[in-house]
Amino acid sequence: MAGIIGKKIGMTSIFSADGKNVPCTLIEAGPCVVTQVKTLEKDGYEAVQVGFGERKDKHSTKAMMGHFKKAGTTPKRKLVEFPIYNDAKLGDEITVEAFEEGDFVDVAGTSKGKGFQGVVKRHGFAGVGDATHGQHNRMRAPGSVGAASYPARVFKGMKMAGQTGNKRVTAINLEVVKICAEMNIVVIKGSIPGGKVSIVVLGK
Amino acid sequence: MDLIKELQSELVEMKEWPDFKSGDTCVVTYKIKEGDKERLQSFQGVIIQRKGSGATETFTIRKMSGNIGVERVFPINDPFIETIEVVKHGAVRRARIYYLRERKGKAARIKERRRFTKA
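Note that the protein sequences, when read in sequence, are chains A and B. The opening position of the first sequence corresponds to residue 260 in my numbering, with each subsequent residue numbered one higher. The opening position of the second sequence corresponds to residue -15 in my numbering, with each subsequent residue numbered one higher.
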């Protein structure tokens, strides 16, 4: 399993070899640094911790500064653990070359926050009843949330209004269309969660 | 955003066409794939709009086929486009001449724009 941390740049479209117009997302991925190698003996499981993006010294705690110093690198903005990389060592650099064109990757990020939304936007409900014929204030209503004296309660997990977006979402099986190694850019087919400049995690 | 613009030229082959804008009458010649054969087809009409910028810019071209209006949207950098030829420069006052859709026959005429070449 190979993984890398990146920053969403935005979307564009490119033409495939057979002339089709393909919508794409550009991600500036890496270069990342291995900041810790976790071993079975010491940590109870195997993983590599990888860092991406710069963080100012004054925003890092002393403990974190020591952690980064051990890896021989500057403080990083984002740290992510990946299941073991083939013999990655402390301080190793991971670049977009971990991926190839034609690979399928999963991209995880934080979706755009939409605030507290009703059931129509949040769950795709259709609302209740008509817009006219004497009807009022029911157009975006959720309808009934339960039955009567039995079960005499509302079931757990009932779809209701609430916070929408701003949570971790993973888009799976997205094709890597192109890689620009010298600019650390990965071009991925389709859309990925989050806004521009948001941090995303790519995994193969 | 600037990074996207920079990269777009690298990712998409930018094509060069003669200068054309909305109101102009153009002939777009494009390749059509039928099975494994390719042939050329042309579409003559009025440019209704140019939309977007950079590698993803598109234009809409409209013609009257008999009594029915036909519009096609092409990406400017579409690899299937062979040539774009400007037949007539039109004098219009707006960038998106949607009002043409409600007009027919004589009313849908567009005045020709005289072009003076700068010495």
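All C-beta atoms in this analysis are idealised placements derived from N, C-alpha and C, irrespective of residue type, glycine included.
Determine the closest residue to residue i out of the options, with distance taken between C-alpha atoms.
i                : options                           : result
V366 of chain A  : A:E287, A:A385 and A:V379         : A:E287
L24 of chain B   : B:I68, B:G7, B:I32 and B:G50      : B:I68
V57 of chain B   : B:R99, B:L84 and B:G29            : B:G29
I343 of chain A  : A:V309, A:T391 and A:F414         : A:V309
V293 of chain A  : A:R381, A:K266 and A:K335         : A:K335
N51 of chain B   : B:E0, B:Y14, B:K(-11) and B:E86   : B:E86
G361 of chain A  : A:G269, A:K267, A:N432 and A:G454 : A:N432
P483 of chain A  : A:I447, A:K455 and A:C439         : Here chain A covers residues 260 to 463 and nothing more, so residue 483 of chain A does not appear.
V12 of chain B   : B:F4, B:R77 and B:G89             : B:F4
V459 of chain A  : A:N443, A:T429 and A:L299         : A:T429
G265 of chain A  : A:D389, A:E313 and A:K371         : A:E313
Q(-8) of chain B : B:E0, B:T40 and B:C10             : B:T40
S457 of chain A  : A:M442, A:N425, A:N443 and A:E441 : A:N425
D351 of chain A  : A:D389, A:K371 and A:F327         : A:F327
D346 of chain A  : A:T298, A:V413 and A:M417         : A:T298
G36 of chain B   : B:E18, B:D20 and B:K(-11)         : B:K(-11)
V364 of chain A  : A:M270, A:D277, A:A276 and A:V445 : A:V445
Whole angstroms is fine: what's the gap from residue i's alpha carbon to residue j's?
i                : j               : result
S450 of chain A  : G38 of chain B  : 20 angstroms
L461 of chain A  : S403 of chain A : 41 angstroms
R99 of chain B   : D8 of chain B   : 12 angstroms
R97 of chain B   : F384 of chain A : 53 angstroms
Y304 of chain A  : T42 of chain B  : 53 angstroms
E(-6) of chain B : H73 of chain B  : 32 angstroms
F49 of chain B   : I94 of chain B  : Note on identity: in this sequence residue 49 of chain B is Ser, with Phe being the wrong assignment. Going by the C-alpha atoms only, they are around 17 angstroms apart.
L338 of chain A  : Q33 of chain B  : 47 angstroms
Q394 of chain A  : S408 of chain A : 28 angstroms
T333 of chain A  : G453 of chain A : 26 angstroms
G386 of chain A  : R399 of chain A : 4 angstroms
A75 of chain B   : T391 of chain A : 47 angstroms
G325 of chain A  : D316 of chain A : 11 angstroms
V307 of chain A  : N443 of chain A : 21 angstroms
E441 of chain A  : I81 of chain B  : 43 angstroms
F341 of chain A  : T44 of chain B  : 48 angstroms
S26 of chain B   : C10 of chain B  : 10 angstroms
E22 of chain B   : K88 of chain B  : 34 angstroms
V(-4) of chain B : F311 of chain A : 29 angstroms
K(-1) of chain B : G278 of chain A : 14 angstroms
D20 of chain B   : F274 of chain A : 19 angstroms
F318 of chain A  : G269 of chain A : Correcting the residue type first, residue 318 of chain A is His in the shown sequence and not Phe. Cα to Cα, H318 of chain A sits roughly 27 angstroms from G269 of chain A.
E18 of chain B   : K415 of chain A : 56 angstroms
K321 of chain A  : A276 of chain A : 52 angstroms
Just to confirm my understanding: we take residue i, look at its own chain, exclude 5 residues before and 5 after, and list those with CB closer than 8 angstroms. What are they?
i               : result
A420 of chain A : F375, Q376, G377, V378, R381 and P401
L349 of chain A : V293, T294, Q295, V296, K329, A330 and G331
P2 of chain B   : I68, E69 and V70
E359 of chain A : V435 and I438
P410 of chain A : none
R412 of chain A : G405
Residue i and residue j look like a contact to me (Cβ under 8 angstroms); what is the Cβ gap, rounded to whole Å?
i               : j               : result
I65 of chain B  : Y14 of chain B  : 5 angstroms
K463 of chain A : A261 of chain A : 5 angstroms
K233 of chain A : T284 of chain A : Outside the shown range of chain A (260 to 463) lies residue 233 of chain A, about which nothing can therefore be said.
R46 of chain B  : L84 of chain B  : 7 angstroms
G91 of chain B  : S6 of chain B   : Per the sequence shown, the amino acid found at residue 91 of chain B is Ala instead of Gly. Wrong, their Cβ atoms sit about 17 angstroms apart, outside the cutoff.
I447 of chain A : A357 of chain A : Rounded, the Cβ-Cβ distance is 14 angstroms, inconsistent with contact.
T423 of chain A : K455 of chain A : T423 of chain A to K455 of chain A, Cβ: 20 angstroms. No contact.
Please work out which residues of its chain come closer than 7 angstroms, Cβ to Cβ, to residue i, disregarding the five sequence neighbours upstream and downstream, and give them in chain order.
i               : result
R427 of chain A : A367 and T369
S272 of chain A : N280, V281, P282 and C283
G388 of chain A : Q394 and R397
M417 of chain A : V404
M323 of chain A : P334
With a CB to CB cut of under 6 angstroms and the five nearest residues on each side skipped, what residues in its chain are close to residue i?
i               : result
D62 of chain B  : none
V54 of chain B  : K47
T354 of chain A : G289 and P290
K371 of chain A : G424 and G454
I16 of chain B  : R23 and Q25
> Could you give the uninterrupted runs of the beta strand (DSSP E) lying entirely in the segment -2 to 34 of chain B, keeping only those of 3 residues or more?
Replying inline: 9 to 18
>> Give the list of continuous alpha helix (DSSP H) stretches no shorter than 4 residues that lie fully inside the segment 352 to 381 of chain A.
In response: none
> Where are the beta strand (DSSP E) runs, 3 residues long or more, that stay fully inside the segment 278 to 352 of chain A, in chain order?
Replying inline: 280 to 288, 291 to 297, 306 to 313 and 335 to 342
> Which runs of the beta strand (DSSP E) spanning at least 3 residues fall entirely within the segment 398 to 432 of chain A, listed in chain order?
Replying inline: 421 to 423
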